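Have a look at the structure below, then the notes.
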Amino acid sequence: MLHDVGVGLTWPGVEPVAKNECRDLGLLDSSVQLPFQSVFGAACYPGIPAKAGCLFFSIIANHPFWNGNKRTAVLALDLFMAANGHVLNLTNPKIYNLAKEVATYKERRAGSKEVLDRITWVITRTKIPMWRFKSSKYEWKYYRQIMEQIRLDPLNVPGTLTQQEQIFGRATQR
Numbered sequence: 000m001l002h003d004v005g006v007g008l009t010w011p012g013v014e015p016v017a018k019n020e021c022r023d024l025g026l027l028d029s030s031v032q033l034p035f036q037s038v039f040g041a042a043c044y045p046g047i048p049a050k051a052g053c054l055f056f057s058i059i060a061n062h063p064f065w066n067g068n069k070r071t072a073v074l075a076l077d078l079f080m081a082a083n084g085h086v087l088n089l090t091n092p093k094i095y096n097l098a099k100e101v102a103t104y105k106e107r108r109a110g111s112k113e114v115l116d117r118i119t120w121v122i123t124r125t126k127i128p129m130w131r132f133k134s135s136k137y138e139w140k141y142y143r144q145i146m147e148q149i150r151l152d153p154l155n156v157p158g159t160l161t162q163q164e165q166i167f168g169r170a171t172q173r
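Anchor point for the sequence shown: position 131 equals 130 in numbering that gives the first Met the number 0, and the numbering is continuous, going up by one each time.
So this is what it looks like as structure tokens:
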């Protein structure tokens, strides 16, 4: 949904993305599962900034869609942070440049750990807890509503099939 609907709503004048244009559902599933991996009971990406950075990185680097991977990663990052009670204080040019850094990391001969560490650093430095918006009742209500919608969305329930999985009849383990 983030890719098929969100990208078009958020960036209406930019090159459009088509519905159901996932290049590889396995890569998409891998991208969204990676932040939650653990080894010997310890999280590979401990903490919200590290998980958010991994999600952002993996959507861009895995390139699961034919078009719109960076835009989808930006939306996923924003919504992941909102679902976990934070907002990022990043301008559009700064988040765009960060996405471009990720997309070109191999060309620049940067290592994935180096890039992940940079993303995590940026997220850590720019995250603002949503409770800070309580003085502005409108903003607090708006962010709280986003967080609740994300958490209560039926697709966030383990075992629920995504729209593409329903269309193509393929279930992936969540």
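We put the CB at the ideal spot given by N, CA and C, even for glycine. It should be emphasised that the depicted structure is a prediction, and the values quoted were computed from it without experimental measurement.
Length of the line joining the Cα atoms of residue i and residue j
{"i": "valine 13", "j": "serine 134", "result": "35 Å"}
{"i": "alanine 82", "j": "glutamine 148", "result": "8 Å"}
{"i": "isoleucine 47", "j": "leucine 54", "result": "10 Å"}
{"i": "glutamate 106", "j": "tryptophan 65", "result": "19 Å"}
{"i": "isoleucine 58", "j": "alanine 72", "result": "6 Å"}
{"i": "phenylalanine 39", "j": "leucine 33", "result": "15 Å"}
{"i": "arginine 173", "j": "leucine 24", "result": "Low confidence applies to arginine 173: its pLDDT is 39, below 50, so where it sits in the model is not reliable, and the reading given next is rough at best. Cα-Cα distance, rounded: 12 Å."}
{"i": "threonine 171", "j": "phenylalanine 35", "result": "Because the pLDDT at threonine 171 is just 45, under 50, the model does not fix this residue reliably, and the value given afterwards should be weighed accordingly. The straight-line gap from Cα to Cα measures roughly 16 Å."}
{"i": "tyrosine 141", "j": "threonine 125", "result": "19 Å"}
{"i": "valine 4", "j": "lysine 18", "result": "8 Å"}
Sequence-distant residues of its chain with Cβ nearer than 7 Å to residue i (five each side left out)
{"i": "proline 128", "result": "Gly84, His85"}
{"i": "alanine 49", "result": "Thr119"}
{"i": "histidine 2", "result": "Val16, Phe64, Gly67, Thr71"}
Cβ-based burial, residue i [other Cβ within 10 Å; buried from 16]
{"i": "methionine 0", "result": "exposed"}
Among the options, the one whose alpha carbon lies nearest that of residue i
{"i": "leucine 27", "options": "Gln36, Val38, Lys50, Asn61", "result": "Asn61"}
{"i": "valine 121", "options": "Glu20, Ser29, Lys93", "result": "Lys93"}
Contact under 8 Å by Cβ, residue i with residue j
{"i": "phenylalanine 79", "j": "isoleucine 118", "result": "no"}
{"i": "leucine 74", "j": "valine 31", "result": "no"}
{"i": "alanine 51", "j": "leucine 76", "result": "yes"}
Cutoff 8 Å; reference residue i; Cβ partners in own chain excluding five residues on either side
{"i": "valine 101", "result": "Phe55, Phe56, Ile59, Ala60, Lys69, Ala72, Val114, Ile118"}
{"i": "arginine 22", "result": "His62, Pro63, Phe64, Trp65"}
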